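There are 2 protein chains.
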Amino acid sequence: MPHPAARQPRKDALRNRERVLDAATELIRRDGEKVPIARIAEHAGVGVGTVYRHFATREDLLGALVYRSFGLAVDNARAAAAYPGSALEGVRAFFLATLRDRERFVLPLHGGPVILTPATRERQGRVRTVLRGLIERGQGAGELRADLSPEDLIVAASLLSRPLPGTGDWERLARRQIDLMISGLAPAAPSTTTPQRP
Amino acid sequence: MPHPAARQPRKDALRNRERVLDAATELIRRDGEKVPIARIAEHAGVGVGTVYRHFATREDLLGALVYRSFGLAVDNARAAAAYPGSALEGVRAFFLATLRDRERFVLPLHGGPVILTPATRERQGRVRTVLRGLIERGQGAGELRADLSPEDLIVAASLLSRPLPGTGDWERLARRQIDLMISGLAPAAPSTTTPQRP
DNA sequence: TATGATACGGACGATATCGTCCGGTTGATC
DNA sequence: GATCAACCGGACGATATCGTCCGTATCATA
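Line by line, the protein sequences are chains A and B. Numbering follows the numbering used here, with no gaps: position 124 of the first sequence is 124. Numbering follows the numbering used here, with no gaps: position 174 of the second sequence is 372.
Here it is, written out as structure tokens:
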């Protein structure tokens, strides 16, 4: 027989789950992925039992964080693809959005085990697809170099989401990197930008 | 009384110190900076006591690794500055050298405490100075954009030294990023920049 | 409001890691 | 080769973290 009643989930449970994810995001980004569960629980204002109930293992928690991050990436990619104006500006918007949201990203930051559930992989593919559309539009308009791939943008954006410690003002430094990168995305310079050269 | 004899350091001590640094580099890059000292000792083939004798605290060990990394960076910057050919190719050489040596770099990778001893800071400044020379040469020759700073190159290179986990072939992806970056380092494309004659 | 299912918090025993200490060994010097 | 300062390894008690368990509190439903 099918599900008899399927009770509504309790809202305190949902609230606590979100709190745990938020706390974990902050602490993992600050102290690394091995931060004690007890510390995450404390920072979230819940007991350790609550954390372990929602996420049976550390991997489950990490996996949920990564999944959530890719949701953000999908949103940003879609917004960039729908950006009014040139595709090149759309690409810049994608970079800037990643930079803006950087504190909410928890990607496999270090050498630790990479958690990629099927659902996460699906989102990952969606980011690629959306960016591919944007790139092809730009290439058609002659705004983007022909050999540009979604992977290039994803790698560059991911790098921006991990502030380099010891550098004072990541916001400023990252914007510089974006500018340099954007300058490099135009079609190959020698052929198109030197028409009047002797 | 001044130094009476200043004995020669024992070579087993020096050898073990190097072994510990090498082991720590590998494990910290793989498992994060909180990797147990005992694991480092085991991987280095020495006892924990030996590690603690050379590096009284975890911070001391981390600091030594960072110091060592900046030594590498100085070497690479000097080689790049002395690169025969255009300054732009010198910059590319610097990036490629960083990529090549990436597994030997231990920079303050995560949010953890940033260890910057005065000696390390001195090396850091030396990298900046050497790169500034290279950049100015390139700007004088019209090969590099006028607003380029050593910091830009250092940030970009540092990013390359931290492989993005979950991506299969960092070597390939990083080379792509280098190409894109190099394309963005030329003077502003709109050709309003006067092609000066040297 | 009554009720039962669901979630909560945190104590607890087990395990992992820390940093020190010391008996034994090695190597620089004479 | 003899000497002894310097170094080596790992055992050890202290502390930190883990993941489970259960009595109590809260919420969805009737």
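We put the beta carbon where it would ideally sit given N, CA and C, even for glycine. Keep in mind that this is a model prediction, so the values were computed, not measured.
Please decide whether residue i counts as near chain A, where near means a Cβ-Cβ distance under 8 Å.
{"i": "B/P200", "result": "Caution is warranted here: a pLDDT of 42 is assigned to B/P200, below 50, making its placement in the model unreliable, and the coordinate value is therefore given only provisionally. B/P200 does not count as touching chain A."}
{"i": "B/R213", "result": "no"}
{"i": "B/Q337", "result": "no"}
{"i": "B/V456", "result": "Lying outside 199 to 396, the shown extent of chain B, residue 456 of chain B is not represented and no answer is given."}
{"i": "B/E349", "result": "yes"}
{"i": "B/L371", "result": "yes"}
{"i": "B/H308", "result": "For B/H308, the predicted model reports a pLDDT of 49, less than 50, meaning its position is unreliable and no value from the coordinates is stated."}
With a CB to CB cut of under 8 Å and the five nearest residues on each side skipped, what residues in its chain are close to residue i?
{"i": "A/V51", "result": "V20, I37, I40, A41, A44, L61"}
{"i": "A/V48", "result": "I37, A38, A41"}
{"i": "A/Y67", "result": "T117, A119, T120, R123"}
What does a CB cutoff of less than 6 Å around residue i pick up in its chain, not counting 5 residues either side in sequence?
{"i": "B/V272", "result": "R321, R324, V325"}
{"i": "B/A295", "result": "N274"}
{"i": "B/N214", "result": "V244, T248"}
{"i": "A/G163", "result": "Note on residue identity: the sequence assigns Pro, not Gly, to residue 163 of chain A. The answer, listed in chain order, is W170."}
{"i": "A/G63", "result": "I115, T117"}
Counting only the same chain and skipping the five closest in sequence on each side, list residues whose C-beta sits under 7 Å from that of residue i.
{"i": "B/T392", "result": "Reliability of the predicted coordinates at B/T392 is poor, the pLDDT of 35 falling under 50, and the value obtained from them is presented with this limitation in mind. Around B/T392: no qualifying Cβ."}
{"i": "B/V441", "result": "Nothing can be reported for residue 441 of chain B, as the shown portion of chain B is limited to 199 through 396."}
{"i": "B/L351", "result": "V289, F292, L329"}
{"i": "B/R370", "result": "none"}
For a quick check, are the C-beta atoms of residue i and residue j less than 8 Å apart?
{"i": "A/R102", "j": "A/S149", "result": "no"}
{"i": "B/R276", "j": "B/V353", "result": "no"}
{"i": "A/L107", "j": "A/I182", "result": "no"}
{"i": "A/A81", "j": "A/L116", "result": "no"}
{"i": "B/F268", "j": "B/A355", "result": "no"}
{"i": "A/L144", "j": "A/L185", "result": "yes"}
{"i": "A/T25", "j": "A/L65", "result": "yes"}
{"i": "A/L72", "j": "A/R104", "result": "yes"}
{"i": "A/G32", "j": "B/G336", "result": "no"}
{"i": "B/A221", "j": "B/L297", "result": "no"}
{"i": "B/L357", "j": "A/L159", "result": "yes"}
How about residue i: is its C-beta nearer than 8 Å to some C-beta of chain B?
{"i": "A/S158", "result": "yes"}
{"i": "A/G32", "result": "yes"}
{"i": "A/D12", "result": "no"}
{"i": "A/L185", "result": "yes"}
{"i": "A/A72", "result": "It is Leu, not Ala, that sits at residue 72 of chain A in the sequence shown. No, no contact with chain B."}
{"i": "A/L99", "result": "no"}
{"i": "A/L131", "result": "no"}
{"i": "A/L164", "result": "yes"}
Note down, in chain order, every chain B residue with its Cβ under 9 Å from the Cβ of residue i.
{"i": "A/R61", "result": "Contrary to the premise, residue 61 of chain A reads as Leu rather than Arg in this sequence. Correct list: empty, because the minimum Cβ distance to chain B is about 16 Å."}
{"i": "A/L21", "result": "None at all; the shortest Cβ gap to chain B is about 18 Å."}
{"i": "A/L96", "result": "Correct list: empty, because the minimum Cβ distance to chain B is about 16 Å."}
For the ligand NAP, I want to know if residue i counts as a neighbour, meaning its beta carbon is within less than 7 Å of at least one of the ligand's heavy atoms.
{"i": "A/Y83", "result": "This structure lacks the ligand NAP, and indeed carries no ligand of any kind."}
Would you mind telling me which residues of chain B sit closer than 8 Å to residue i, beta carbon to beta carbon, in chain order?
{"i": "A/E103", "result": "Ordered by position in chain B, no residue passes the 8 Å Cβ test against A/E103, which lies about 11 Å from the chain."}
{"i": "A/Q8", "result": "Going along chain B, no residue has its Cβ under 8 Å from A/Q8, so there is no contact; the nearest lies around 36 Å."}
{"i": "A/L65", "result": "Neighbours of A/L65 on chain B: none; closest Cβ ~14 Å, over 8 Å."}
Using the beta-carbon of each residue, which ones in chain A are nearer than 7 Å to residue i?
{"i": "B/R374", "result": "D152"}
Would you mind telling me which residues of chain A sit closer than 9 Å to residue i, beta carbon to beta carbon, in chain order?
{"i": "B/L332", "result": "Per Cβ cutoff of 9 Å: no residues; B/L332 is ~16 Å from chain A at best."}
Using a cut-off of 8 Å between C-beta atoms, extract the partners of residue i located in chain A.
{"i": "B/L342", "result": "Result: empty, since nearest Cβ-Cβ is about 11 Å, beyond 8 Å."}
Whole runs of the alpha helix (DSSP H) within the region 52-101 of chain A, excluding any shorter than 4 residues | Scanning the region 52-101 of chain A from its first residue to its last, the whole alpha helix (DSSP H) runs of 4-plus residues come out as 58-81, 87-100.
Could you give the uninterrupted runs of the alpha helix (DSSP H) lying entirely in the region 110-165 of chain A, keeping only those of 4 residues or more?
-> 118-140, 150-160, all fully within the region 110-165 of chain A.
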